[in-house]
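Notes to accompany the following structure.
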Amino acid sequence: MGQFDDYINSIIKGLRITEEKKAEMAEEFLDHLQMLKIEYLSKGMSESDATKQAMITFGEEKRLKRELSKSLSSYKSLHNIIGGVIILLIAFIIGRYVPVPGYDLEYSHSPIYGVLYTVMPNNILFIALGYYLPIFLKRMEKIQNILLASIVTGVVYRLFIHLLFSTSWNSLEITTKLIMLASPLVIISNIIESMLGFTLLQLFHRMPNICKKSVIKHFD
-6 MGQFDDYINS
4 IIKGLRITEE
14 KKAEMAEEFL
24 DHLQMLKIEY
34 LSKGMSESDA
44 TKQAMITFGE
54 EKRLKRELSK
64 SLSSYKSLHN
74 IIGGVIILLI
84 AFIIGRYVPV
94 PGYDLEYSHS
104 PIYGVLYTVM
114 PNNILFIALG
124 YYLPIFLKRM
134 EKIQNILLAS
144 IVTGVVYRLF
154 IHLLFSTSWN
164 SLEITTKLIM
174 LASPLVIISN
184 IIESMLGFTL
194 LQLFHRMPNI
204 CKKSVIKHFD
(Lines of atoms letter the chains of each structure in order from A and count residues from 1; the text may use other names and numbers.)
(Lines give C-alpha, C1' and ligand atoms only; values in the text may rest on other atoms or scores of the structure.)
Protein backbone atom coordinates (compact mmCIF):
# COMPACT_ATOMS: atom_id res chain seq x y z
CA MET A 1 0.00 0.00 0.00
CA GLY A 2 3.03 2.28 -0.48
CA GLN A 3 1.42 4.32 -3.25
CA PHE A 4 -1.72 4.84 -1.22
CA ASP A 5 0.31 5.90 1.84
CA ASP A 6 2.24 8.50 -0.18
CA TYR A 7 -0.98 9.74 -1.79
CA ILE A 8 -2.78 10.07 1.56
CA ASN A 9 0.21 11.76 3.24
CA SER A 10 0.34 14.35 0.46
CA ILE A 11 -3.29 15.23 1.26
CA ILE A 12 -3.18 15.38 5.06
CA LYS A 13 0.35 16.75 5.48
CA GLY A 14 0.29 20.31 6.80
CA LEU A 15 -3.38 20.26 7.84
CA ARG A 16 -3.91 22.15 11.10
CA ILE A 17 -5.30 19.21 13.03
CA THR A 18 -3.99 16.87 15.72
CA GLU A 19 -1.91 13.80 14.86
CA GLU A 20 -4.74 11.68 16.22
CA LYS A 21 -7.17 13.29 13.79
CA LYS A 22 -4.70 12.84 10.92
CA ALA A 23 -4.36 9.13 11.72
CA GLU A 24 -8.14 8.77 11.86
CA MET A 25 -8.54 10.58 8.54
CA ALA A 26 -5.75 8.53 6.90
CA GLU A 27 -7.43 5.30 7.97
CA GLU A 28 -10.77 6.39 6.48
CA PHE A 29 -9.10 7.42 3.21
CA LEU A 30 -7.18 4.15 3.01
CA ASP A 31 -10.33 2.08 3.52
CA HIS A 32 -12.08 3.97 0.73
CA LEU A 33 -9.11 3.62 -1.63
CA GLN A 34 -8.88 -0.10 -0.96
CA MET A 35 -12.56 -0.50 -1.80
CA LEU A 36 -12.06 1.39 -5.06
CA LYS A 37 -9.04 -0.75 -5.90
CA ILE A 38 -10.97 -3.98 -5.28
CA GLU A 39 -13.74 -2.67 -7.53
CA TYR A 40 -11.31 -2.00 -10.38
CA LEU A 41 -9.54 -5.34 -9.87
CA SER A 42 -12.90 -7.07 -10.23
CA LYS A 43 -13.27 -5.36 -13.62
CA GLY A 44 -10.08 -7.03 -14.85
CA MET A 45 -7.52 -4.26 -14.27
CA SER A 46 -3.99 -5.10 -13.20
CA GLU A 47 -3.02 -4.27 -9.62
CA SER A 48 -0.91 -1.32 -10.74
CA ASP A 49 -3.65 0.13 -12.95
CA ALA A 50 -6.32 -0.48 -10.29
CA THR A 51 -4.22 1.40 -7.72
CA LYS A 52 -3.71 4.37 -10.05
CA GLN A 53 -7.37 4.47 -11.07
CA ALA A 54 -8.49 4.36 -7.42
CA MET A 55 -6.41 7.47 -6.68
CA ILE A 56 -7.69 9.24 -9.80
CA THR A 57 -11.29 8.49 -8.80
CA PHE A 58 -10.69 9.59 -5.21
CA GLY A 59 -9.47 12.99 -6.37
CA GLU A 60 -6.49 15.19 -7.11
CA GLU A 61 -4.32 15.74 -4.02
CA LYS A 62 -4.04 19.53 -4.12
CA ARG A 63 -7.76 20.02 -4.66
CA LEU A 64 -8.66 17.63 -1.83
CA LYS A 65 -6.15 19.28 0.50
CA ARG A 66 -7.53 22.74 -0.30
CA GLU A 67 -11.12 21.62 0.32
CA LEU A 68 -10.15 19.87 3.56
CA SER A 69 -8.29 22.94 4.83
CA LYS A 70 -11.30 25.12 4.09
CA SER A 71 -13.68 22.66 5.75
CA LEU A 72 -11.55 22.18 8.87
CA SER A 73 -11.05 25.92 9.37
CA SER A 74 -14.80 26.56 9.28
CA TYR A 75 -16.73 26.63 12.55
CA LYS A 76 -19.97 25.72 10.78
CA SER A 77 -20.77 22.15 11.76
CA LEU A 78 -23.65 20.30 13.39
CA HIS A 79 -21.43 19.32 16.33
CA ASN A 80 -20.55 22.94 17.06
CA ILE A 81 -24.18 24.07 16.78
CA ILE A 82 -25.46 21.34 19.12
CA GLY A 83 -22.49 21.89 21.44
CA GLY A 84 -23.47 25.55 21.67
CA VAL A 85 -26.99 24.64 22.77
CA ILE A 86 -25.55 22.49 25.57
CA ILE A 87 -23.12 25.23 26.65
CA LEU A 88 -25.88 27.87 26.66
CA LEU A 89 -28.14 25.56 28.65
CA ILE A 90 -25.42 25.25 31.30
CA ALA A 91 -24.85 29.04 31.22
CA PHE A 92 -28.61 29.60 31.59
CA ILE A 93 -28.77 27.36 34.69
CA ILE A 94 -25.77 29.13 36.23
CA GLY A 95 -27.19 32.53 35.23
CA ARG A 96 -30.35 31.90 37.23
CA TYR A 97 -28.28 32.03 40.42
CA VAL A 98 -25.79 34.77 39.49
CA PRO A 99 -26.70 38.51 39.46
CA VAL A 100 -27.09 39.82 35.93
CA PRO A 101 -25.34 43.16 35.12
CA GLY A 102 -27.78 45.70 33.72
CA TYR A 103 -30.87 44.51 35.59
CA ASP A 104 -32.72 47.72 36.37
CA LEU A 105 -34.91 47.63 39.48
CA GLU A 106 -36.73 50.79 38.36
CA TYR A 107 -39.01 48.79 36.08
CA SER A 108 -38.16 45.19 36.92
CA HIS A 109 -41.76 44.76 38.12
CA SER A 110 -42.93 44.79 34.49
CA PRO A 111 -44.06 41.25 33.52
CA ILE A 112 -42.62 41.45 29.99
CA TYR A 113 -39.33 42.85 31.29
CA GLY A 114 -39.15 40.03 33.81
CA VAL A 115 -39.76 37.47 31.07
CA LEU A 116 -36.96 38.95 28.94
CA TYR A 117 -34.47 38.61 31.76
CA THR A 118 -35.76 35.18 32.77
CA VAL A 119 -35.73 33.69 29.28
CA MET A 120 -32.68 35.53 27.93
CA PRO A 121 -30.56 37.25 30.57
CA ASN A 122 -27.61 39.34 29.38
CA ASN A 123 -25.03 36.64 29.98
CA ILE A 124 -26.91 34.15 27.75
CA LEU A 125 -27.45 36.73 25.00
CA PHE A 126 -23.79 37.73 24.72
CA ILE A 127 -22.31 34.26 25.25
CA ALA A 128 -24.60 33.12 22.42
CA LEU A 129 -23.49 36.10 20.34
CA GLY A 130 -19.80 35.23 20.75
CA TYR A 131 -20.43 31.54 20.12
CA TYR A 132 -22.80 31.57 17.15
CA LEU A 133 -21.74 34.63 15.12
CA PRO A 134 -18.53 32.96 13.84
CA ILE A 135 -20.53 29.83 12.95
CA PHE A 136 -23.04 31.60 10.71
CA LEU A 137 -21.03 34.64 9.55
CA LYS A 138 -17.53 34.10 8.13
CA ARG A 139 -16.47 37.70 8.76
CA MET A 140 -17.23 37.28 12.47
CA GLU A 141 -14.33 34.85 12.91
CA LYS A 142 -12.16 37.88 13.71
CA ILE A 143 -12.06 38.93 17.36
CA GLN A 144 -12.35 42.66 16.60
CA ASN A 145 -15.60 42.06 14.70
CA ILE A 146 -17.07 40.14 17.62
CA LEU A 147 -16.05 42.95 20.00
CA LEU A 148 -17.75 45.54 17.79
CA ALA A 149 -20.86 43.37 17.42
CA SER A 150 -21.13 42.88 21.19
CA ILE A 151 -20.85 46.65 21.85
CA VAL A 152 -23.42 47.58 19.19
CA THR A 153 -25.80 44.80 20.25
CA GLY A 154 -25.48 45.84 23.90
CA VAL A 155 -26.34 49.47 23.16
CA VAL A 156 -29.29 48.52 20.93
CA TYR A 157 -30.53 45.98 23.49
CA ARG A 158 -30.45 48.52 26.35
CA LEU A 159 -32.10 51.18 24.16
CA PHE A 160 -34.87 48.70 23.36
CA ILE A 161 -35.37 47.91 27.06
CA HIS A 162 -35.45 51.59 28.08
CA LEU A 163 -37.80 52.65 25.28
CA LEU A 164 -40.17 49.80 26.01
CA PHE A 165 -40.26 49.80 29.79
CA SER A 166 -38.85 53.01 31.26
CA THR A 167 -41.53 55.64 31.94
CA SER A 168 -38.95 58.36 32.63
CA TRP A 169 -36.76 57.73 29.56
CA ASN A 170 -38.19 60.53 27.38
CA SER A 171 -37.73 63.12 30.11
CA LEU A 172 -34.01 62.40 30.58
CA GLU A 173 -31.29 64.64 29.13
CA ILE A 174 -29.35 63.31 26.14
CA THR A 175 -26.13 63.08 28.19
CA THR A 176 -27.84 60.93 30.80
CA LYS A 177 -29.28 58.70 28.09
CA LEU A 178 -25.85 58.21 26.53
CA ILE A 179 -24.33 57.34 29.91
CA MET A 180 -27.07 54.77 30.53
CA LEU A 181 -26.70 53.23 27.08
CA ALA A 182 -22.90 53.22 27.01
CA SER A 183 -22.10 52.37 30.61
CA PRO A 184 -18.42 51.23 30.62
CA LEU A 185 -19.09 48.56 33.25
CA VAL A 186 -21.92 47.00 31.25
CA ILE A 187 -20.01 47.25 27.96
CA ILE A 188 -16.99 45.51 29.53
CA SER A 189 -19.33 42.85 30.91
CA ASN A 190 -20.86 42.31 27.45
CA ILE A 191 -17.42 42.06 25.84
CA ILE A 192 -16.22 39.52 28.43
CA GLU A 193 -19.35 37.41 27.89
CA SER A 194 -18.94 37.53 24.09
CA MET A 195 -15.26 36.58 24.37
CA LEU A 196 -16.25 33.72 26.67
CA GLY A 197 -18.69 32.48 24.02
CA PHE A 198 -16.03 32.73 21.29
CA THR A 199 -13.45 30.94 23.48
CA LEU A 200 -15.91 28.13 24.22
CA LEU A 201 -16.55 27.76 20.48
CA GLN A 202 -12.82 27.46 19.76
CA LEU A 203 -12.35 24.89 22.53
CA PHE A 204 -15.32 22.81 21.39
CA HIS A 205 -14.27 23.10 17.73
CA ARG A 206 -10.80 21.73 18.52
CA MET A 207 -12.08 18.78 20.51
CA PRO A 208 -11.62 15.42 18.77
CA ASN A 209 -14.87 14.20 17.21
CA ILE A 210 -15.05 11.27 19.62
CA CYS A 211 -15.08 13.71 22.58
CA LYS A 212 -17.76 15.87 20.93
CA LYS A 213 -19.95 12.83 20.36
CA SER A 214 -19.50 11.78 23.99
CA VAL A 215 -20.53 15.23 25.26
CA ILE A 216 -23.56 15.40 22.97
CA LYS A 217 -24.58 11.80 23.72
CA HIS A 218 -24.42 12.53 27.46
CA PHE A 219 -27.14 15.18 27.05
CA ASP A 220 -29.35 13.10 24.71
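Going by this note's numbering, the first residue of the sequence shown is number -6, and it counts up by one from there. Idealized CB from N, CA, C, for every residue including glycine.
- Here T44 carries a helix assignment [DSSP, helix/strand/coil].
- In the assembly as shown, T50 is an exposed residue. Its beta-carbon has fewer than 16 other beta-carbons within 10 Å.
- Between the region 65 to 84 and the region 135 to 153, the count of Cβ pairs shorter than 8 Å is below three; the stretches do not touch.
- In summary, E186 is buried, with 16 or more beta-carbon neighbours lying within 10 Å of its beta-carbon over all protein chains present.
- With distances taken between CA atoms, M133 lies nearest to M188 out of H25, M188, D42, L196.
- When rounded, the separation of the alpha-carbon atoms in I180 and F129 is 23 Å.
- In this structure, N2 sits away from L194, with a CB-CB distance that is not shorter than 8 Å.
- Judged by DSSP in its simplified three-state form, S3 adopts helix.
- With a 10 Å radius around the Cβ and a threshold of 16 neighbouring Cβ atoms, K30 comes out buried.
- The C-alpha of R56 lies about 18 Å from the C-alpha of E21.
- In this structure I120 is not in contact with E54, their Cβ atoms being roughly 40 Å apart against a cut-off of 8 Å.
- Going by DSSP, I185 is part of the alpha helix (DSSP H) stretching over 177 to 199.
- In the DSSP assignment, I10 falls outside any alpha helix (DSSP H) and carries neither an H nor an E.
- Inter-residue distance for N183 and G123 is about 10 Å (C-alpha atoms, whole angstroms).
- In this model, I117 and Y125 are separated by some 12 Å (Cα to Cα).
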